[in-house]
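So the protein lines, in turn, are chains A and B.
No gaps in the numbering here: position 145 of the first sequence is 145 in our numbering, and each next residue is one more.
No gaps in the numbering here: position 94 of the second sequence is 342 in our numbering, and each next residue is one more.
See below for the structure under consideration.
Number of protein chains: 2
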Amino acid sequence: MNVLNPSASAPFLWRLQSVIKLSEVEQQAILNLPVRYADIKADQDVVREGDRPSRMFFIINGMTCTYKIAAGGRRQIVTFHMQGDAPDLQSVHLTTLDVSIATITPATLGFVEHEAILDLCQLYPRLSAGFWRHTLIDAAIFREWMTSIGQRQAPSRIAHLLCELFLRAQAVGLVDDDAMAFPITQIEIGDALGLSSVHVNRSLQELRNKKLISLRDSELRILNWDGLQAAGDFSPNYLHMKEQERRA
Amino acid sequence: MNVLNPSASAPFLWRLQSVIKLSEVEQQAILNLPVRYADIKADQDVVREGDRPSRMFFIINGMTCTYKIAAGGRRQIVTFHMQGDAPDLQSVHLTTLDVSIATITPATLGFVEHEAILDLCQLYPRLSAGFWRHTLIDAAIFREWMTSIGQRQAPSRIAHLLCELFLRAQAVGLVDDDAMAFPITQIEIGDALGLSSVHVNRSLQELRNKKLISLRDSELRILNWDGLQAAGDFSPNYLHMKEQERRA
DNA sequence: CGTTTGGTTGAAATGTGTCAAACTTTGTGG
DNA sequence: CCACAAAGTTTGACACATTTCAACCAAACG
Numbered sequence: 001m002n003v004l005n006p007s008a009s010a011p012f013l014w015r016l017q018s019v020i021k022l023s024e025v026e027q028q029a030i031l032n033l034p035v036r037y038a039d040i041k042a043d044q045d046v047v048r049e050g051d052r053p054s055r056m057f058f059i060i061n062g063m064t065c066t067y068k069i070a071a072g073g074r075r076q077i078v079t080f081h082m083q084g085d086a087p088d089l090q091s092v093h094l095t096t097l098d099v100s101i102a103t104i105t106p107a108t109l110g111f112v113e114h115e116a117i118l119d120l121c122q123l124y125p126r127l128s129a130g131f132w133r134h135t136l137i138d139a140a141i142f143r144e145w146m147t148s149i150g151q152r153q154a155p156s157r158i159a160h161l162l163c164e165l166f167l168r169a170q171a172v173g174l175v176d177d178d179a180m181a182f183p184i185t186q187i188e189i190g191d192a193l194g195l196s197s198v199h200v201n202r203s204l205q206e207l208r209n210k211k212l213i214s215l216r217d218s219e220l221r222i223l224n225w226d227g228l229q230a231a232g233d234f235s236p237n238y239l240h241m242k243e244q245e246r247r248a
Numbered sequence: 249m250n251v252l253n254p255s256a257s258a259p260f261l262w263r264l265q266s267v268i269k270l271s272e273v274e275q276q277a278i279l280n281l282p283v284r285y286a287d288i289k290a291d292q293d294v295v296r297e298g299d300r301p302s303r304m305f306f307i308i309n310g311m312t313c314t315y316k317i318a319a320g321g322r323r324q325i326v327t328f329h330m331q332g333d334a335p336d337l338q339s340v341h342l343t344t345l346d347v348s349i350a351t352i353t354p355a356t357l358g359f360v361e362h363e364a365i366l367d368l369c370q371l372y373p374r375l376s377a378g379f380w381r382h383t384l385i386d387a388a389i390f391r392e393w394m395t396s397i398g399q400r401q402a403p404s405r406i407a408h409l410l411c412e413l414f415l416r417a418q419a420v421g422l423v424d425d426d427a428m429a430f431p432i433t434q435i436e437i438g439d440a441l442g443l444s445s446v447h448v449n450r451s452l453q454e455l456r457n458k459k460l461i462s463l464r465d466s467e468l469r470i471l472n473w474d475g476l477q478a479a480g481d482f483s484p485n486y487l488h489m490k491e492q493e494r495r496a
């Protein structure tokens, strides 16, 4: 956590550009952001509920999950984040964290002081809009997850999650040949979908038996995309991927 | 929907000021926003999933819910909104709506063109921050609801929802003497919490039997706040109410 | 190479859903 | 302002998706 690297923010820039078009100047502003990066082991908390961090971070490599603990120690994972995502961008304005964020895999993270982000927002309204839009897409994902957990049965919930993660991985170039690295355990899937790991296991077998996916050795392969979408009641609109933003 | 009223945005201003401190100039900018208002009957869609609205709205009076429809016509209500809230503020940047928004009660709404909001964001970074913060608090509520639906049992989910709505109503002056107007039906509670209306009914009776609340004739009265919080595993931090924002 | 972590299977317990009917309150048109 | 209709609430019996507990197996790891 002590090396300073001027180009480390490239993954964050790419991700932001999938969210909003940026001018050369604005791109440079992001690339010039003072970033401190750190390698973190798997299954470590990066930040904890109640923290008041003075910096945000983005993912250079690896996967994280955001979670809350409910009564009885039950854990709800509210979202997964991958390359380029900024899991706690919200902390720029919501001073006290209402969630914890942990690594799923070993991860390389880039840390940026909130002040630096706020300065950019003052200078470049378009960057401000981009950051806002990033958090809005996160919120859209939360809404869709709520719908999944509240209304869909277990196999459908799982199919839906797999569809989402696959598209998001694809968008950042983490998919080849219909397959992606899938480091999430069945327990974690359960924590994300409000299911026991036992039931996740049985439901996954259903999806496998229907020849929709193969999932083993931490690799997810889509065997039948249309079938998986149908099983998961999945429609990608909520990810707001190809959408052209309105203006400056 | 044809009267123009220069001071109609007052409830929105009050709400924004609970989110971020504003200067005199910024306050005036909000008050001078060109607002068109409209009275809408209960149980009407204000906007629908797939719409690309050119304006956002805030609630002058009444209550709305944001919902999604899943396979089989099952409805998930993802949030309720009340006085001063801007339920589709997100539409300023997420052009295509991924949710529908309907009135719960007859409501008076104020509509503002997105362009006007974007102009203010350019002029006043602090307002930009305030809008962003408003949507971030919405997202925090989504996260907490996910945790409720995913991890808590029915009576606890309901108690949690009641706590939240009570505090939010209190913050905008809609509570007196431990009671608030409660126009939400048991079916709607079920749609919000992923429960059948039958089970909502039985769980509400539990809360009543424990002398935590009284709920009848569309009035919710809190009989034992501490008990209700405990039953709902509720802690208000996620509402980010008294939190002082960091800076400009 | 033992130890840990994650995956799989079976059987029993249970929270919640579904269906159906009755009851109560609210709203409305005559 | 009544009478009726519509909407919301309550109750009972039964079905079932999912959880829990417990054991075993397989893969990853130091």
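Even for Gly, the Cβ is constructed at its ideal location relative to N, Cα and C.
Fair warning: this is a prediction, and the values are worked out from it, not measured in the lab.
inquiry  = With three or more beta-carbon pairs closer than 8 angstroms as the criterion, would you say the segment 256–274 of chain B touches the segment 195–212 of chain A?
reply    = Counting Cβ pairs under 8 angstroms, fewer than three are found: no touch.
inquiry  = Taking CB distances under 7 angstroms as the criterion, tell me whether arginine 152 of chain A reaches chain B.
reply    = Taking Cβ atoms only, chain B reaches closer than 7 angstroms to arginine 152 of chain A, which makes this a yes.
query = Ends of the alpha helix (DSSP H) at isoleucine 60 of chain A?
reply = No alpha helix (DSSP H) contains isoleucine 60 of chain A, which is instead part of the beta strand (DSSP E) from 55–61.
inquiry  = For serine 9 of chain A, count the other beta carbons within 10 Å of its own beta carbon; 16 or more makes it buried, fewer makes it exposed. Which is it?
reply    = That one is buried.
task = Helix, strand or coil for aspartate 386 of chain B, going by three-state DSSP, please let me know.
result = In this structure, DSSP gives aspartate 386 of chain B a helical state, which the three-state scheme calls helix.
message = Counting only C-beta atoms, is serine 128 of chain A closer than 7 angstroms to chain B at any point?
response = It does; some Cβ of chain B falls within 7 angstroms.
ask   = Does DSSP put isoleucine 158 of chain A in a helix, a strand or coil?
value = Per DSSP, reduced to three states, the secondary structure at isoleucine 158 of chain A is helical.
task = With DSSP collapsed to three states, give me the class of aspartate 233 of chain B.
result = Shown here, chain B extends from 249 to 496; a query on residue 233 of chain B therefore has no answer.
inquiry  = I need the DSSP call for histidine 199 of chain A, collapsed to helix, strand or coil.
reply    = Assignment of histidine 199 of chain A by DSSP, reduced to helix, strand and coil, places it in the helix class.
Residues sharing a beta bridge with cysteine 65 of chain A, DSSP = In the DSSP assignment, cysteine 65 of chain A forms a beta bridge with A:Phe80 and A:Ala102.
query = How should serine 196 of chain A be labelled, buried or exposed, when 16 other C-beta atoms within 10 angstroms of its C-beta is the threshold for buried?
reply = Classification of serine 196 of chain A: exposed, given that the 10 Å Cβ count is below 16.
query = By DSSP, does aspartate 226 of chain A sit in helix, in strand, or in coil?
reply = In the three-state DSSP reduction, aspartate 226 of chain A falls in the helix class (H, G or I).
ask   = Does DSSP put asparagine 2 of chain A in a helix, in a strand, or in coil?
value = Caution is warranted here: a pLDDT of 49 is assigned to asparagine 2 of chain A, below 50, making its placement in the model unreliable, and no coordinate value can be reported.
Interface flag, tryptophan 225 of chain A vs chain B, CB-CB below 7 angstroms = For tryptophan 225 of chain A, the answer is no, since every Cβ of chain B falls outside 7 angstroms of its Cβ.
ask   = What does a CB cutoff of less than 7 angstroms around leucine 89 of chain A pick up in its chain, not counting 5 residues either side in sequence?
value = Excluding sequence positions up to five before and after leucine 89 of chain A, its CB lies within less than 7 angstroms of the CB of Met56, Phe131, His134 and Thr135, all in the same chain and listed in chain order.
request  = Apply the 10 Å Cβ neighbour rule to asparagine 250 of chain B and answer buried if 16 or more other Cβ atoms are within range, or exposed otherwise.
outcome  = Note that asparagine 250 of chain B scores a pLDDT of 49, beneath 50, so its modelled location is shaky; the value from the coordinates is reported in the next line. Its Cβ having fewer than 16 others within 10 Å, asparagine 250 of chain B is exposed.
For arginine 469 of chain B, three-class secondary structure by DSSP = Arginine 469 of chain B falls in the strand class under three-state DSSP.
task = Compile a chain-ordered list of the residues in the segment 36–56 of chain A whose CB is closer than 7 angstroms to at least one CB of chain B.
result = Residues are counted here when their Cβ sits less than 7 angstroms from a Cβ of chain B; for the segment 36–56 of chain A the count is zero.
query = Within this structure, are the beta carbons of glycine 332 of chain B and proline 259 of chain B separated by less than 7 angstroms?
reply = Yes, the Cβ-Cβ distance between glycine 332 of chain B and proline 259 of chain B is below 7 angstroms.
message = Within 7 angstroms of any Cβ in chain A, is that where the Cβ of asparagine 250 of chain B sits?
response = Bear in mind that the predicted position of asparagine 250 of chain B carries a pLDDT of just 49, short of 50, making it too unreliable to give a figure here.
task = Use the C-beta contact count for lysine 459 of chain B: other C-beta atoms within 10 angstroms, 16 or more gives buried, fewer gives exposed.
result = Counting Cβ neighbours within 10 Å, lysine 459 of chain B comes out exposed, since fewer than 16 surround it.
message = Are the CB atoms of aspartate 293 of chain B and alanine 350 of chain B within a distance shorter than 7 angstroms?
response = Yes; because the gap between Cβ atoms is below 7 angstroms, this pair is in contact.
request  = Between the Cα of alanine 355 of chain B and those of B:Tyr486, B:Asp465, B:Gly310 and B:Ala429, spot the shortest distance and give me the residue it belongs to.
outcome  = When each option's Cα is compared against that of alanine 355 of chain B, the closest is B:Gly310.
key: Simplified DSSP state of leucine 342 of chain B, which is helix, strand or coil   = Here leucine 342 of chain B sits in coil by DSSP.
request  = Go ahead and label lysine 316 of chain B buried or exposed: buried means 16 or more other beta carbons lie within 10 angstroms of its beta carbon, across all protein chains shown.
outcome  = The residue in question, lysine 316 of chain B, is buried, as its Cβ has 16 or more Cβ neighbours within 10 Å.
task = Would you identify the three-state DSSP class for aspartate 336 of chain B, choosing helix, strand or coil?
result = Reduced to three states, the DSSP call for aspartate 336 of chain B is coil.
ask   = If you draw a straight line from the C-alpha of leucine 296 of chain B to the C-alpha of valine 347 of chain B, how long is it?
value = For the sequence presented, residue 296 of chain B should be read as arginine rather than leucine. Rounded to the nearest angstrom, the two C-alpha atoms are 6 angstroms apart.
ask   = With 16 as the cutoff for other CB atoms within 10 Å, does tyrosine 238 of chain A come out buried or exposed?
value = Per the 10 Å Cβ criterion, buried.
message = If distances are taken between C-alpha atoms only, which option among A:Phe234, A:Ala181, A:Ser156 and A:Glu164 comes closest to arginine 208 of chain A?
response = Of the listed residues, the one whose Cα sits closest to arginine 208 of chain A is A:Ser156.
inquiry  = Quick check on the burial criterion: 16 or more other C-beta atoms within 10 angstroms. Buried or exposed for threonine 314 of chain B?
reply    = Classification of threonine 314 of chain B: buried, given that the 10 Å Cβ count is 16 or more.
query = Is there a Cβ from chain A that is less than 7 angstroms from the Cβ of arginine 381 of chain B?
reply = Yes, contact with chain A.
Of the residues A:Gly72, A:Thr79, A:Tyr37 and A:Phe234, the one placed nearest aspartate 138 of chain A, counting alpha carbons only = Ranking the options by Cα distance to aspartate 138 of chain A, first place goes to A:Thr79.
query = Just curious, the alpha helix (DSSP H) that phenylalanine 12 of chain A is in, first and last residue?
reply = Segment 10–19, the alpha helix (DSSP H) holding phenylalanine 12 of chain A.
query = Can you tell me whether DSSP reads threonine 433 of chain B as helix, strand or coil?
reply = For threonine 433 of chain B, the secondary structure class from DSSP, reduced to helix, strand or coil, is coil.
ask   = What is the rounded straight-line gap between the Cα of serine 462 of chain B and the Cα of proline 335 of chain B?
value = Each residue's Cα considered, the two are about 28 angstroms apart.
query = Closest by CA to glutamine 275 of chain B, which one among B:Leu261, B:Trp393 and B:His488?
reply = That would be B:Leu261, whose Cα lies nearest to the Cα of glutamine 275 of chain B.
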